[in-house]
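K.L.:
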Amino acid sequence: MSDQQAIETENKHPDPEKLSAAMAEIAERSQRLVSDFLAKQAEDPEISDPDPLNIGSAFAELTTHMMQNPVKLVEAQIELWQQYYTLWHNTTLRMLGEEAEPVVSPQKGDRRFRDEAWENNELFDFIKQSYLLSSQWMQNVVHDVDGLDDKTAQKVEFYTRQFVDAISPTNFLMTNPEVLRTTIETGGENLLKGLQNLLGDLERGKGKLQIRMTDLDAFKVGENVATTEGSVIGKTALMELLQYKPSTDKVAKRPLVIVPPWINKYYILDLRPENSFIKWAVDQGHTVFVLSWVNPDSKLAEKSFEDYAKEGILAALDMIEKATGEKEVNAIGYCLGGTLLSSTLAYMAKVGDERIKSATFLTTLTDFEKPGELSVFVDDEQIESLERNMSKEGYLDGRDMAMSFNMLRANDLIWSFVVSNYMLGKDPFPFDLLYWNSDSTRMPKAMHSFYLRNMYNKNLLREPGGIKMFGEPIDLRDIKVPVYFLSTREDHIAPWQATYAGTQLMSGQVKFVLSASGHIAGVVNPPAAKKYCYWTYNRNPANPEDWMAKAAQHDGSWWTDWQNWVGRRAGGKVDARKPGDGKLKVLGPAPGEYVKVTLS
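Heads up: the sequence shown begins at 175 in our numbering, then just goes up one per residue.
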């Protein structure tokens, strides 16, 4: 049965009066919602910056350069007209019952046009191809403008893509066949339910749209996520130190300490037993410690990058020695946690502190010259705007940062939920990864400002003495311990070519490994899943593409490769240690209290 026939099936026709009443109610509630929003905007005296993302100046510069070469723009316009003419011709042929090849097709992996009507129905196929032609034309035009500096060009292309994604016909009722079909079948109940979902998300976000990506009531930290058995054995104002119960009789002599990013909660490495890196590391015979960062409030506004090193990593090393009697450890830093770990290691090298004997960096930037699309959010004007906002509460709300990350994959992490939740009226499916993704954390004002300005904006970490810690100018080249870099090939947050630059900044034995997939899935890839693959090469040429050209591909998970690497640096075997065996008392069961603090 074709899509048109399905729509016209008699037993699915709604009552016109009920449909009309439903639409009227939707219109009334929508108007009230918009009125309330505008009233709140007018009442807020702090809303004074019409362009906090500094988009206007970038597009003004784009327009200036485009007008310097009008011939090129006219040529692009003529090419678009020609493509449209072909599309009109082919659509006419299809309406007459003849075959016609598409002028343009969605890219591989574009899931917006999965409904059969986008291909089988001539009208919807025309709408789809018209959109694809126009969107490609817009993106090509801004990409081909000469004379823009790299940062402006990247910003223009990024926000052009945001606009293009937003105007997709899938995002509108009258041009989405699945939504139209559902609306007719349910008599508009899907739209009423969708409006309720929208209102709920606005209420949760206190006036800001906070899209519910999963069933938030389906998970509870410590009960069905973050369940690996362990204890809290130490605590500072910034972190709780978790030690996990051993599952082997013998363990590596050197404990393993994991430094997660403070921008998210640590349990991305402990979602479920079958994909928990923490549990897997325990089962490999490591005494595993994890820093569980606090979800800071205004009282911690002045906590600095140095404080995160002092009250985080350095404090954890002291606690681990008391808990196990061991001074020497192997360390892992994930994303921002890796940036903090590398900075702390450079400081430790400067002052002769040799307690960390190896370092593993998971998707970690140490050279921020080409940090990917996140750089569009960190020019001087945006940082100043962000600092003004942070000064009000003393922190950056985690929801704001989450939206920035979601924009990197807007079709998957924004618009797909707009269609599903608000237009189809569906309730989100329970998914532990998306629950973790929604469980955002705040960032203290002082630390976050330092990080954005000195890392992303000025790229000082790669410069010898560019950053001082505790009064000491640090240099990553002073790091001489063995290093394992793990990056992921499809990383939107820390592009692998950018993380690879860290291999040129450290002086010890450096092993670089590239995993398939992205920032999360490429890291959280247990061997039992038998997914993806990874690449290795025993040298580190200056150019990452030269490395890739010679790298060997291996099936399975990088976890086993890492275990072989870190196992040679384990310091031998000792009897298993349990939390509380040493000089530190157990303060409570894992996952502790800090991780349970959510955004209010």
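C-beta atoms are modelled at their ideal positions from N, C-alpha and C, and glycine is treated no differently. Given the structure is predicted, the values throughout are model-derived calculations rather than measurements.
1) Mind checking Tyr-259: buried by the 16 CB within 10 Å criterion, or exposed?
2) Assuming Thr-615 and Lys-453 make a contact with CB atoms under 8 Å, what is their CB distance in whole Å?
3) Hey, is the stretch 700 to 711 in contact with the stretch 541 to 555, meaning 3+ C-beta pairs nearer than 8 Å?
4) Taking 6 Å as the limit between beta carbons, can you name the residues of its chain near Glu-767, skipping five residues before and five after?
5) Residues in the same chain with beta-carbon distance under 6 Å from Ala-274, minus the five sequence neighbours each way, listed in chain order, please.
6) Return the CA-CA distance between Glu-220 and Gln-556, expressed in angstroms with no decimal places.
7) Closest by CA to Glu-476, which one among Gly-459, Tyr-333, Ser-623, Met-575?
8) Where does Val-468 fall in DSSP's three states?
9) Within the same chain, show all residues whose beta-carbon is closer than 7 Å to that of Asp-606, passing over the 5 residues directly before and after it, in chain order.
10) Using the C-alpha atoms, what's the distance from Leu-488 back to Ile-641?
11) Going by C-alpha to C-alpha distance, which of Ser-691, Ala-234, Thr-388 sits closest to Arg-663?
12) Please classify Gly-676 as buried or exposed, where buried requires at least 16 other C-beta atoms within 10 Å of its C-beta.
13) Buried or exposed, going by whether 16 or more other CB atoms sit within 10 Å of the CB of Gly-507?
14) Find the nearest neighbour of Met-722 within the set Gly-368, Gln-671, Gly-459, Val-552, judged by alpha-carbon distance.
15) Give a yes or no on whether 7 Å exceeds the smallest Cβ distance from Asp-375 to chain C.
16) Using beta-carbon positions only, say whether Ser-661 and Thr-537 come within less than 7 Å of one another.
17) Quick one: is Thr-237 buried, meaning 16 or more other Cβ sit within 10 Å of its Cβ, or exposed?
18) May I have the straight-line CA-CA distance separating Ala-576 from Pro-429, to the nearest angstrom?
19) By Cβ distance, which residues of its chain are closer than 7 Å to Val-319, with the 5 residues on each side in sequence left out?
20) Give the secondary structure of Pro-618 by DSSP, where H, G and I count as helix, E and B as strand, and everything else as coil.
21) Going along the chain, which residues of its own chain have a beta-carbon closer than 7 Å to the beta-carbon of Val-338, five neighbours each way excluded?
22) Would the beta-carbon of His-510 fall within 7 Å of that of Pro-604?
23) If you compare alpha carbons, which of Gly-696, Gly-682, Tyr-658, Ile-648 is closest to Pro-669?
24) Give the DSSP-derived three-state secondary structure of Leu-761 in the structure shown.
P.N.:
Short version:
1) exposed
2) Their Cβ separation, rounded to whole angstroms, is 23 Å, which puts Thr-615 and Lys-453 out of contact at 8 Å.
3) no
4) none
5) Asn-264, Leu-267, Arg-268
6) Annotation note: pLDDT 49 at Glu-220 (below 50); position unreliable, no value reported.
7) Ser-623
8) coil
9) Phe-393, Val-399, Leu-445, Arg-446
10) 18 Å
11) Ser-691
12) buried
13) buried
14) Gln-671
15) No chain C is part of this structure, which consists of one protein chain only.
16) yes
17) exposed
18) 33 Å
19) Leu-236, His-239, Met-240
20) strand
21) Ser-309, Met-312, Gln-313
22) Per the sequence shown, residue 510 should be read as Leu rather than His. Contact: no.
23) Gly-696
24) coil
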